[in-house]
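Chemist:
Numbering (my numbering), first residue to last: 289 to 562.
(1) Could you tell me the distance, in whole angstroms, from the CA atom of residue 291 to the CA atom of residue 483?
(2) Within its chain, find whatever has a CB closer than 6 Å to the CB of residue 465; leave out the 5 residues flanking it on each side and keep chain order.
(3) Return the first residue and the last residue of the alpha helix (DSSP H) that residue 492 is part of.
(4) Starting from residue 384, trace the alpha helix (DSSP H) in both directions and tell me its first and last residue.
(5) Once you ignore the five residues that flank residue 436 on each side, which residues in its own chain have a CB closer than 6 Å to its CB?
(6) The ligand FAD and residue 292: does the residue's C-beta get closer than 7 Å to at least one heavy atom of that ligand?
(7) Under 8 Å, do residue 488 and residue 423 count as touching if we go by C-beta distance?
(8) Can you check the region 436–524 for any beta strand (DSSP E) of at least 3 residues that lies completely inside it and give the ranges in chain order?
(9) In angstroms, rounded to a whole number, what distance separates the CA positions of residue 360 and residue 405?
(10) Where in the region 347–373 do unbroken runs of the beta strand (DSSP E), each at least 3 residues long, occur, reported from the N-terminal end onward?
(11) Take residue 376 and list the residues in its own chain whose beta-carbon comes closer than 8 Å to its own, dropping the five residues that flank it on each side.
(12) Could you name the residues that DSSP lists as bridge partners for residue 416?
(13) Excluding sequence positions up to five away, which residues of its chain have a Cβ less than 7 Å from the Cβ of residue 366?
(14) Who are the Cβ neighbours of residue 461 in its own chain at under 6 Å, not counting the five residues just before and after it?
(15) Tell me which residue opens and which closes the alpha helix (DSSP H) that residue 327 is part of.
(16) If you draw a straight line from the alpha carbon of residue 547 to that of residue 525, how long is it in whole angstroms?
(17) Looking at the unbroken beta strand (DSSP E) that takes in residue 301, where does it start and where does it end?
(18) Starting from residue 318 and walking both ways along the beta strand (DSSP E), at which residues does that stretch end?
(19) Check this for me: beta carbons of residue 316 and residue 443, under 8 Å apart or not?
(20) Assuming residue 428 and residue 528 are in contact, meaning their beta carbons sit under 8 Å apart, how far apart are those beta carbons, in whole angstroms?
(21) Mind checking whether residue 412 and residue 355 have CB atoms under 8 Å apart?
(22) Determine the extent of the beta strand (DSSP E) in which residue 309 is found, giving its start and end residues.
(23) Out of 553, 455, 297, point me to the one whose CA is closest to residue 441's CA.
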């Protein structure tokens, strides 16, 4: 058991375990975005850092088919930051808030040595919530877009190279339109933040320890590339044409990786939390 999994196991709330917690008419989600853990200041502008921190949090709500409405932001600000640098951060937060129709309603700030951002998203509960636990035996399992690019770009940055301003690592592209249109035909879903194989193991475990009969072999880079923020989902095989039609209508490429079966799925990637 990883330290992350152990710590989570210390809490017994029934709401823990999905991208967000569904409580009443709302879905709540929260993530941290920390300097020298999730990013280096030399890689991204402050505006880009703020934008990505918002996008990766919005992804959790969207993955559950919820409608993000309000945002709370907590920031540990390096003591040396100037007013202009703070304005760059606020610009990034507000750019994404406007694009997704959400309102920043408050938060907290404190001083520290490194930049750390904590964001809470409050979203409206949809008529159909997409849980990780909804996959059924015989479902087809698929993901949106292409995987592996984020890993490539991170590797380039770690080696001292550069990536473009619209790189996947810097600016994830969320699949909100596809999820909204396809959700009623899907049984389970989550975003791919820790790599396809790791997140697939979570979805299958949550759905009753299902396994996967793999349709075709995927490269390790595809399986283990984190921070992709594509959508992982399952659906009844009889709805394959409907889901493919919605994917085409929303210009969202999808790849079917296999079918759920009664056997244990083992993640093929190294644990990287802690």
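In this text, a Cβ means the ideal position worked out from N, Cα and C, and glycines have one as well.
Modeler: The relevant details are as follows:
(1) 18 Å
(2) 538
(3) 484–494
(4) Element bounds for residue 384: 371–388.
(5) Taking residue 436 as the centre and dropping the five residues before and after it, the same chain places the C-beta of 509, 510, 513 closer than 6 Å to its C-beta, in chain order.
(6) Within the structure as shown, the ligand FAD is missing, as the structure has no ligands at all.
(7) no
(8) 476–479, 499–502, 519–523
(9) 11 Å
(10) 355–366
(11) 333, 334, 335, 338
(12) None; residue 416 has no bridge partner.
(13) 400, 401, 402, 403
(14) The beta carbon of residue 461 lies closer than 6 Å to none in the same chain, with the five residues before and after it left out.
(15) Looking at the DSSP string, residue 327 is not in any alpha helix (DSSP H), and its letter there is neither H nor E.
(16) Rounded to the nearest whole angstrom, the C-alpha separation of residue 547 and residue 525 is 9 Å.
(17) Counting along the chain, residue 301 falls outside any beta strand (DSSP E), and DSSP gives it neither H nor E.
(18) 314–322
(19) The Cβ-Cβ distance between residue 316 and residue 443 does not fall below 8 Å.
(20) At roughly 6 Å, the Cβ-Cβ gap stays under 8 Å, so residue 428 and residue 528 are in contact.
(21) yes
(22) 309–311
(23) The candidate whose alpha carbon is nearest that of residue 441 is 455.
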